[in-house]
Amino acid sequence: MTRTAGFHAIAAFCFAILFLPPVAAAAEIVPFESANQSPLVQIFGLPGTGNAVLLPQGRTEVGLNVALSSNHAVNENSREQIILDGETTRFTVAARYGLLPRMEVGVKIPYISHNGGFLDGFIESYHGAFGFPNGGRDQAPRNRLLYRYRRDGVEKIRSDSSGAGIGDLLLTTAFPIYEENSQGMTLNAALKLPTGDSDQLRGSGSTDLSLWLHERIGGALAAGNWASYGAAGILSMTEGNVLPDQQKRWAGFGSMGIGWAPLNWLSFKAQADAHTPFFSDSDLKEIAANAVQLIVGGTISFSERTALDIGVSEDLIVNTSPDVAFYFTLRTRF
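Residues are numbered in my numbering as their position in the sequence shown, beginning at 1, plus a constant of 924.
Laid out in structure tokens, this is it:
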């Protein structure tokens, strides 16, 4: 998929949805379908938080997730040099199904495109308007794709040609610990299979298993409803093909979020995602530092079954996740 085709697909998706009139519905406050989209992190099996209230037996939810991220990070020391400059678009078809009264299963199939993109000019103008630093973005070639890491004079990673393809398949399951109205806690598990091309940074080459707990609480306010949620877990990985001599075999991850639904079809929410490093033996933040990103946005409910999430993220720990990422999730239940 070319970057022009990718832009047209996203524009058509947004146009078709945003001009649908919202109807009365209960605006469900659920986590963003987000995870760190750094080129060197999105290859692993960070599962996303999921929903702490499971589907009833026999019910299905399907969704299309689009994550458009713009990366620009340049760093070096006496032994290492890294450039992460480009855009990554991740299209994910996701489905989950209430298999048993107390068991949910799901699958996520990603399609990943790395390219030079089209956001550099917009981001530079945005930073300039608000007085934010560009971090050298305005001095780099416009809309360039170059993901490169050198260590001790050896080029360990290089990706500078646009391309797209299937990523690593993710299988999920969840079990309720407790449920009461719209509140609950679940035990979740996910298995990532190495179906993507690790040479093109569409997969890690590793098989990853994650386990995490997710809890949601909420209630009514004088104006609307509120909810907060949190998750924490651990991810175990076999040896992959991307920097195998530096790859860690486990990582911790977690999310926290809060939301407010002032109207029955509209909610606003903010969420922080964090994880420990996936690589070691490096002094570069882009390789071996803890990462935290903040996502803000909301949900438009078009019916009791169908909703659209829109979010934008910023890297709270600079250069450990993309400068900016846009998240769109259209989901429906039947």
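Glycine included, C-beta positions come from ideal geometry on N, C-alpha and C.
Three-state secondary structure assigned by DSSP to I953
In the structure shown, I953 sits in coil (DSSP, three-state: anything other than H, G, I, E or B).
Say yes only if the C-beta of T1096 is nearer than 7 Å to one or more non-hydrogen atoms of the ligand FAD, and no if none qualify.
In the structure on display, the ligand FAD does not appear, and there are no ligands present to speak of.
Which of the three DSSP states, helix, strand or coil, is assigned to S1130?
Taken through DSSP and simplified to helix, strand or coil, S1130 comes out as coil.
Counting only the same chain and skipping the five closest in sequence on each side, list residues whose C-beta sits under 7 Å from that of R1140.
Cβ contact annotation for R1140 (same chain, cutoff 7 Å, sequence separation greater than five): A976, V977, Q1107, G1108, A1151 and Y1153, in chain order.
Tell me where the beta strand (DSSP E) around A1156 begins and ends.
Residues N1149 to M1161.
For Q1209, the three-state DSSP class (helix, strand or coil)
Sequence inspection shows Lys at residue 1209; the Gln mentioned does not correspond to that position. For K1209, the three-state secondary structure derived from DSSP is helix.
Cα separation between D1197 and A1249?
If I take the Cα positions, the gap works out to 13 Å.
Do D1123 and L1159 count as a contact pair if the criterion is CB distance below 8 Å?
Cβ atoms of L1159 and D1123: not closer than 8 Å.
Of the listed residues G974, F956 and G969, nearest to F1202 (C-alpha basis)
Cα-wise, what sits closest to F1202 is G969.
Can you give me the C-alpha to C-alpha distance between V965 and S1191, rounded to a whole angstrom?
Cα to Cα, the separation comes out at about 29 Å.
Can you tell which of I1182, A1155 and D1121 has its C-alpha closest to the C-alpha of N921?
Residue 921 is absent from the structure shown; the chain starts at 925 and stops at 1258.
Can the beta-carbon of R1068 be found closer than 8 Å to that of D1009?
A distance below 8 Å separates the beta carbons of R1068 and D1009.
What residues in its chain sit with their C-beta under 7 Å from that of A1155, if we drop five residues either side in the sequence?
Residues T973, W1136, L1137, H1138, G1178 and S1179 of the same chain have their beta carbon placed closer than 7 Å to that of A1155, with the five preceding and five following residues left out of the count.
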